[in-house]
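UniProt numbering applies: residue 1 is where the sequence shown begins, and numbers increase by one.
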Amino acid sequence: MKAEKWQKIASYQEKRTDQVVRCHLCPHRCVLQQGAAGICKTRINQSGTLYTTAYGNPCSLSIDPIEKKPLFHFMPGQPVFSLATGGCNFRCLNCQNWQISQTSPQSLNGYDLDPEALVQRAIGCNTSMIAFTYTEPTVFYEYMYDTARIARGKGLKVVWISNGYINREPLLDLCPYLDAANIDLKCFEDVMYRKLTGGRLQPVLDTLLTLKEKKIWLEITNLLIPGFSDNPEMITHMCEWLFANGFEDTPLHFSRFFPNYKLTDVPPTPAESLLEAKAIALKSGLKFIYIGNQPRLHGEDTVCPQCGHTLIQRYGYTVGTYEIQDGKCNRCGKSVAGIWHS
Ligand code: SF4
1 MKAEKWQKIA SYQEKRTDQV VRCHLCPHRC VLQQGAAGIC KTRINQSGTL YTTAYGNPCS
61 LSIDPIEKKP LFHFMPGQPV FSLATGGCNF RCLNCQNWQI SQTSPQSLNG YDLDPEALVQ
121 RAIGCNTSMI AFTYTEPTVF YEYMYDTARI ARGKGLKVVW ISNGYINREP LLDLCPYLDA
181 ANIDLKCFED VMYRKLTGGR LQPVLDTLLT LKEKKIWLEI TNLLIPGFSD NPEMITHMCE
241 WLFANGFEDT PLHFSRFFPN YKLTDVPPTP AESLLEAKAI ALKSGLKFIY IGNQPRLHGE
301 DTVCPQCGHT LIQRYGYTVG TYEIQDGKCN RCGKSVAGIW HS
């Protein structure tokens with residue numbers, strides 16, 4: 001099939017000269033000469049017009065438990081139809097999905113599903129939620145946006161799993177069609193952010209604030225990479241910033257790193273680092289702290305911040321006991337932040 005089939009005029013473009021365009025979708029704000037592609041590999045300048053090449057051609061489709069995103073305070077135990085196209089606006093040294101994230105959508109053998117067909121596929125799989133995930137959904141923004149609108153119109157919930165590297169205007173335009181998001185906060189120091197990802201810290205913080213302002217259900221993931229993002233002082237600053245900016249009820253997932261991609265010589269995160277990070281976060285006043293990718297630490301249960309009752313037991317992606325009724329702790333009646341089913 002011709003690649004042009006999946007092209008569409010890109011949003012948020014600015015014509016600089018007859019042949020040069022600037023993209024304002026993400027904070028890179030690439031300036032593209034005729035024929036050039038952006039850092040994300042999904043947007044190209046053709047004769048002075050910017051096109052997305054990631055529209056209707058997902059490379060990955062799957063049904064996942066919502067816990068895999070991870071979202072722990074949003075429809076626990078429910079399956080979510082999940083998809084991605086190729087491309088990403090980050091260059092993470094530890095990328096788990098580099099085979100698709102660092103490749104242009106056209107060079108991957110994918111599916112042929114326009115937004116309407118995609119939503120029908122999700123409904124046909126008996127899922128009531130759709131998630132844009134795996135790579136960075138911002139780089140297939142138009143496809144995500146159109147799909148989200150249709151999905152919402154058919155009663156599905158829409159989930160965005162993102163690195164948060166998007167400009168405010170496109171994010172504000174997307175927010176009316178979002179129900180929940182998990183944002184990767186890679187570390188809390190700009191120099192390290194650039195080294196690890198190729199992006200900057202502040203735009204990601206801005207995204208967190210915008211999602212909060214727009215009342216989108218939000219959870220945050222922080223991967224602890226030894227020598228890169230596991231510094232206790234950095235974690236303290238991050239948790240203090242989150243608390244000071246009103247994120248005390250936002251679940252924070254500390255995730256265990258495993259050697260991958262360009263960081264195969266870095267060891268997995270020791271259990272002690274994960275436990276220390278959790279202790280720092282709790283001490284900072286954050287209420288819901290989870291430890292991921294390390295089930296034997298039993299850091300995945302949801303505990304009532306008032307009475308200590310275990311509200312939801314989890315092991316890996318499996319949900320056991322569920323002790324929340326009408327959004328409140330079954331034992332003491334304390335409201336628990338989240339979007340719950342009864
Ligand atoms: S979305 Fe792509 S082309 Fe646009 S600014 Fe970001 S990296 Fe550059």
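Every residue, glycine too, gets a C-beta built ideally from N, C-alpha and C.
For residue i, which three-state DSSP category applies?
i	result
D184	strand
D146	helix
residue 369	The question about residue 369 has no answer here: the residues shown for the chain are numbered 1 through 342.
W160	strand
N336	The sequence shown places Val at residue 336, not Asn. Coil at V336, not helix or strand.
T138	helix
L25	coil
R152	helix
A117	helix
P203	helix
E213	helix
If you draw a straight line from the C-alpha of residue i to the C-alpha of residue j, how long is it?
i	j	result
Q106	T53	7 angstroms
L93	K262	5 angstroms
W6	I39	19 angstroms
Y51	G35	11 angstroms
G333	E248	19 angstroms
A279	F258	22 angstroms
M1	C175	Below a pLDDT of 50, predicted positions are generally treated as unreliable, and M1, at 47, falls in that range; no measurement from the model is reported.
A180	F74	8 angstroms
A37	Y315	43 angstroms
H341	L311	13 angstroms
F254	D206	20 angstroms
E67	C187	22 angstroms
N293	L224	11 angstroms
I339	G327	8 angstroms
Please confirm whether residue i and residue j have their CB atoms less than 8 angstroms apart.
i	j	result
C125	I63	yes
Y134	P27	no
L118	T147	yes
V139	G87	yes
I130	V158	yes
L185	W160	no
CB of residue i to nearest heavy atom of the ligand NAP: below 7 angstroms?
i	result
L171	Questions concerning the ligand NAP fall outside what the structure shown contains, since the ligands it does hold are the ligand SF4.
> Taking only runs of the beta strand (DSSP E) that begin and end inside the segment 32–57, which ones reach a length of at least 3 residues, in chain order?
Replying inline: Contiguous beta strand (DSSP E) elements confined to the segment 32–57 occur at 43–46, 49–52, taking only those with 3 or more residues.
>> Quick check for students: name the residue ranges of the alpha helix (DSSP H) that lie wholly in the segment 229–267, counting only runs of 4 or more.
In response: Here the runs fully enclosed are 232–244.
> Is it true that the segment 148–159 meets the segment 113–129, where meeting means three or more beta-carbon pairs spaced less than 8 angstroms apart?
Replying inline: The segment 148–159, when compared against the segment 113–129, does touch it at the 8 angstroms Cβ threshold.
>> Does the segment 107–115 come into contact with the segment 9–23, if we say contact requires no fewer than three beta-carbon pairs (one atom in each stretch) closer than 8 angstroms?
In response: Remark: fewer than three beta-carbon pairs, one from each stretch, lie closer than 8 angstroms, so the segment 107–115 and the segment 9–23 are not flagged as touching.
> Hey, is the segment 262–277 in contact with the segment 214–231, meaning 3+ C-beta pairs nearer than 8 angstroms?
Replying inline: Yes, the segment 262–277 touches the segment 214–231.
> Could you give the uninterrupted runs of the beta strand (DSSP E) lying entirely in the segment 294–319, keeping only those of 3 residues or more?
Replying inline: Counting only runs of 3 or more, we get 310–315.
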